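Numbering (our numbering), first residue to last: 29 to 326.
Note that beta-carbon positions come from the ideal geometry of N, C-alpha and C, so glycine has one too.
All of these numbers come straight from a predicted model, not from anything done at the bench.
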């Protein structure tokens, strides 16, 4: 891990205002911490299986506002469709007879262009991200011009669980300049799959100031939601009364306390750490410089 001027002493970090501490924690946050913000806020922004490729930005200018920034912005891909077999908890649909297959595939979508005139490397990356393994990717990319690759997928039901099977057919078109185009169409029972895999979601993060009242912070939240065109927002707060919590939740605000999992990594020394569950405990040559699980020796 690279040392940086941000790696000050724990005493210096604790002396910083709450807003700066949390912004720094967001800037340094690993994927696990960002996921906990989305799944452990109240109410939760998303379920664990719905989150892919999460990242955070700090100090983003608010669209349409001069000299105003949002404390943080979490961006993630919300999964709505998953390739069967790419996850062990999603087995292939059971097709004991022909009628069962027909019931699952009696509707057909139009042809959809997934990617047009892209490089081979980009096509491989796109298919890999969708969950196809190396053999499946090779099969798709080497299809004859009139052939289709068939695969089973699951899409989210009304509650967001990935339970509804459908079949997807994919084909590839190769061009003389070395680029290719990927297309697909879906066969499904009733509801059409909403997208290929997922869509980008932006969730603003607002940090409540110690002296900021309920109305003032809610006004700032609503201006932020309006600017980013999203109904979702996470409010990080140090203290909260029961009435305030109920009021924020009724206004569609997800709450996360500052004492939660989002913490600034502490300067670590594995040779002195008391974290017995860590395999690097006692290691004198550990490359770790900062760690959220570091336990100071007593």
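Spatial neighbours of residue 196 in its own chain (CB-CB distance under 6 Å, excluding positions within 5 residues in sequence) are listed in chain order as 179, 181, 212 and 214.
By alpha-carbon distance to residue 74, the top candidate from 48, 300 and 108 is 108.
Excluding its 5 nearest sequence neighbours in each direction, residue 265 has C-beta neighbours in its own chain below 6 Å: 236, listed in chain order. Residue 87 counts as exposed, since fewer than 16 other beta carbons sit within 10 angstroms of its beta carbon.
Exclusion of the five residues before and after residue 208 leaves 146, 148, 151, 200, 201 and 202 as the residues of its chain whose Cβ lies within less than 7 Å of its Cβ.
For the set 71, 254, 241 and 258, the Cα lying nearest the Cα of residue 268 is the one of 241. Boundaries of the alpha helix (DSSP H) around residue 277: 270-278. Taking 9 Å as the cut-off, the beta carbon of residue 231 is found no closer than this to the beta carbon of residue 322. With a cutoff of 9 Å on beta-carbon distance, residue 222 and residue 198 are scored as not near each other. Counting the other CB atoms within 10 Å of its CB gives residue 83 a total below 16, which places it among the exposed residues. Secondary structure remark: continuous beta strand (DSSP E) runs of at least 3 residues inside the region 199-272, in chain order: 208-216, 226-235 and 262-265. The Cβ atoms of residue 154 and residue 142 lie closer than 9 Å to each other. Comparing alpha-carbon positions, the option among 217, 169 and 177 lying closest to residue 192 turns out to be 217. DSSP places residue 78 in no beta strand (DSSP E); its state is neither H nor E.
Rounded to whole angstroms, the gap between the alpha carbons of residue 58 and residue 134 is 44 Å. Per the coordinates, the alpha-carbon of residue 234 lies some 35 Å from the alpha-carbon of residue 111.
Spatial neighbours of residue 65 in its own chain (CB-CB distance under 7 Å, excluding positions within 5 residues in sequence) are listed in chain order as 102, 262, 284 and 290. Contact annotation: residue 225 and residue 275 have beta-carbon atoms that are not nearer than 9 Å.
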